[in-house]
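When we follow the working numbering, the leftmost residue of the sequence shown carries the number 255, and every step to the right adds one.
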Amino acid sequence: MTKRQQQQNLSQSRDGGYTIIESLVAMIVVSVLMIAIAPVMAFSVATRVQARRIELATQAATAYINALRVGAIKLTDKGFPAQDAAAPTDPTKLYCEKPVCTGSKEFLVQGAWQNLANLTNDPTTTGYELTVRVYRADGFTGATMTTVQQSVANSALGNPQAPLVVMKTQIPPTTQGGPSARQSLCSQLNPTGANTSVCR
């Protein structure tokens, strides 16, 4: 009887618990699943970082536009829009909210003005159309900057040489006694002075 109980106990102990092989198979299955999920998780994090960066760049562009609208940035100040709308080459001529912008969390704002009715060097008297591009400060590393805006969906961490945000807006005259914003817009849309439905 005792011998029979010992045999039963031995057969039960062989069937109980996990073997090393089973544990290794489970670890391999978990590893394969983690390897399959890792790229999706990495892309998700990179897309979220890029979306946040674009959100902050939009805030920087809006602050720049508001500063131009109220005249806080003057014609002689660094960062005032230029007539040249080409990709920037010199970061020291661009607008930055801080005294020095060099890191990946700072933004440089490029403004370019256009007014067909006023081709002088002082567009503030009649108003102008403004194109704003916001670049990452760490993108100026000797590589050529571009003017094509990057996308959140397919760029992951993005191209540091491409603008995060591109905006266009109208800046009304900021001098006292200048034409109204509506008159300024009409003169920009119709520099020849012909009577159009916009300016009636």
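Just so it is clear, CB atoms sit at the ideal spot from N, CA and C, and this is done for glycine as well. All of these numbers come straight from a predicted model, not from anything done at the bench.
Identify which residue in the options has its Cα closest to the Cα of residue i.
i, options, result
"P377", "E276, L329, D392", "L329"
"A366", "A336, P427, G325", "A336"
"L370", "Q364, K359, Y382, F361", "Y382"
"V388", "T380, T395, T401", "T401"
"P414", "P426, P427, T395", "T395"
"V363", "F334, V324, T379, R323", "F334"
"T312", "F361, L373, M399", "F361"
"G393", "N372, L373, C355", "C355"
Residue i by DSSP, collapsed to three states: which one?
i, result
"E360", "coil"
"M421", "strand"
"E383", "strand"
"G365", "strand"
"V402", "coil"
"A371", "coil"
"A321", "helix"
"A336", "strand"
Would you decide whether residue i is buried or exposed? Buried here means 16 or more other CB atoms lie within 10 Å of its CB.
i, result
"L287", "exposed"
"V284", "exposed"
"R302", "exposed"
"A397", "exposed"
"A326", "exposed"
"G431", "Legend: pLDDT at G431 = 47, less than 50; position of this residue unreliable, value from coordinates given subsequently. Flag for G431 reads exposed."
"V386", "buried"
"L384", "buried"
Just the Cα atoms here: how many angstroms apart are residue i and residue j?
i, j, result
"A340", "S298", "33 angstroms"
"Q368", "P417", "19 angstroms"
"T273", "M281", "13 angstroms"
"A305", "I275", "45 angstroms"
"M300", "I289", "According to the sequence displayed, residue 300 carries Ala and not Met. If you take the alpha carbons of A300 and I289, they lie about 17 angstroms apart."
"P426", "L348", "21 angstroms"
"K359", "T380", "35 angstroms"
"C350", "Q404", "20 angstroms"
"G412", "M399", "13 angstroms"
"I308", "L278", "45 angstroms"
"A315", "N372", "24 angstroms"
"D338", "L310", "25 angstroms"
"S391", "V324", "Here residue 391 turns out to be Ala, not Ser, going by the sequence shown. Computed Cα separation, rounded: 25 angstroms."
"K332", "K352", "12 angstroms"
Check whether the stretch 417 to 424 and the stretch 309 to 321 touch, using three or more Cβ-Cβ pairs below 8 angstroms as the test. yes
Do the stretch 341 to 354 and the stretch 291 to 301 make contact, defined as three or more Cβ pairs closer than 8 angstroms? For the pair of segments examined, the stretch 341 to 354 was found not to touch the stretch 291 to 301: the number of CB pairs separated by less than 8 angstroms stays below three.
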